[in-house]
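Worksheet: the structure to be examined is printed underneath.
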Amino acid sequence: MSNSRPYSVADDLALALRLATLADEITLARFMSLDLVIETKPDSTPVTDADKAVENAIREVLAIERPNDLIVGEEFGGVDALTGSTTSAGNKPHYWVIDPIDGTKNFLRGIPIWATLIALSSPNNEVIAGAVSAPSLYRRWYAGKNLGAHVLENGEQRTIRVSQVSALDNAQLAYSDLIGWGSRKAAFLDIQSTVWRTRAFGDFWSHMLVAEGAVDIAVEPSLSLWDMAALEIIVREAGGTFTNLEGVPGSHGGSLVTSNGKVHKEFLSRINQPKSSQGSKG
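So the numbering used here is basically just the index in the sequence shown, starting at one, shifted up by 67.
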């Protein structure tokens with residue numbers, strides 16, 4: 068039974084970019100709208116009518132253009148379908164991972180740091196194409212497997228690469244906030260006090276700045292698959308390293324560390340060191 072797929076990575080990336088353009092049209096029309104509808108989800112996080120409209124629109128296109136692919140989205144689910152699913156030909160399906168608006172709290176408060184995240188993963192959970200579109204920042208990052216990582220900024224495209232900073236003490240570290248670090252909080256604060264510079268850029272932007280080489284390492288203690296999948300291929304194609312806090316590669320680990328690769332090992336060692344060792348770098 069053949070596992071062949073009639074689309075190249077370039078085809079899949081082109082579709083992701085078209086979906087990003089569709090999303091931008093919806094989000095920009097609703098950003099800072101006086102009639103924006105805001106609800107609270109069961110997990111106490113906010114969702115807007117724009118979040119739902121974007122995911123619905125993307126799902127409608129994918130249902131036509133990639134009917135054999137699964138879809139996992141923040142607002143309408145799909146994770147459970149990944150286990151044991153097969154295509155009509157009996158093959159394990161590829162699956163799209165959608166975060167319609169990453170940074171919903173920013174979006175509903177009129178802060179322009181938000182983006183639509185779109186990724187395609189192979190059946191073995193390897194992300195092969197992804198786009199991160201932040202129209203209020205006039206930027207769109209995208210990458211495909213073996214196609215490099217790129218950013219479109221104010222209509223100008225350029226290829227991006229991670230930095231060459233080799234020591235954590237000389238690194239610029241980005242993060243979202245101090246919530247969620249649990250038993251690692253003391254170690255994280257210790258690291259913050261010794262690196263060259265820290266900034267709480269937050270959400271997708273921290274990790275895209277790693278891919279651009281503007282930031283050397285970015286960290287998040289708790290994330291979902293849809294928060295990470297699109298970021299993964301872009302960081303990896305830019306030459307970076309993408310793991311969870313335990314050092315496991317990929318987007319299914321529940322937390323995230325992205326870096327230029329040169330400071331990754333030292334960060335993981337220090338963030339996971341026993342409490343009795345914190346405060347000294349020996």
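Built from N, CA and C at the ideal position, the CB exists for glycine as well.
Note that the coordinates shown come from a computational prediction; the quantities given were computed from them, not determined experimentally.
DSSP three-state assignment for residue i, whether helix, strand or coil
i, result
"GLY249", "helix"
"VAL282", "coil"
"VAL229", "coil"
"VAL277", "helix"
"ARG176", "helix"
"VAL146", "helix"
"LEU187", "strand"
"LEU101", "coil"
"ALA182", "strand"
"ASN158", "coil"
"ALA234", "coil"
"PRO73", "coil"
"ASP257", "helix"
Residues bridged to residue i [DSSP beta-bridge criterion]
i, result
"GLY215", "GLY211"
"ARG264", "GLN239"
"THR106", "Rather than Thr, the amino acid found at residue 106 in this sequence is Glu. DSSP lists VAL114 as partners of GLU106."
"PHE271", "DSSP lists no partner for PHE271."
"ALA130", "Beta-bridge pairing links ALA130 to no other residue."
"PRO316", "THR310"
"LEU323", "GLU287"
"GLN224", "LEU219"
"ARG206", "ALA201, GLU220"
Span of the alpha helix (DSSP H), counted from its first residue to its last, around residue i
i, result
"ASP78", "76-97"
"ILE300", "292-304"
"LEU335", "331-338"
First and last residue of the uninterrupted beta strand (DSSP E) at residue i
i, result
"ALA196", "194-201"
"TYR162", "162-169"
"GLY328", "Counting along the chain, GLY328 falls outside any beta strand (DSSP E), and DSSP gives it neither H nor E."
"GLY140", "137-140"
Would you call the segment 188-196 and the segment 170-179 touching, i.e. three or more CB-CB distances under 8 Å?
These segments do not touch.
With three or more C-beta pairs closer than 8 Å as the rule, is the segment 317-326 touching the segment 209-219?
By the Cβ test, the segment 209-219 is not in contact with the segment 317-326, since fewer than three Cβ pairs between them sit closer than 8 Å.
Segment contact flag, the segment 259-278 with the segment 295-308, C-beta cutoff 8 Å, min 3 pairs
Short answer: they touch.
Under 8 Å, with one C-beta from each stretch per pair, do the segment 247-255 and the segment 116-124 reach the 3-pair mark?
The segment 247-255 vs the segment 116-124: no contact.
Please determine if the segment 202-215 and the segment 231-240 are in contact, where contact requires at least 3 C-beta pairs separated by less than 8 Å.
Touching, no.
Are the segment 132-148 and the segment 278-285 touching by the rule of at least three beta carbon pairs closer than 8 Å?
No: the two stretches stay apart, fewer than three of their Cβ pairs being nearer than 8 Å.
Decide yes or no for the touch test of the segment 178-189 against the segment 73-83: beta carbon pairs closer than 8 Å, at least 3 of them.
Yes, the segment 178-189 touches the segment 73-83.
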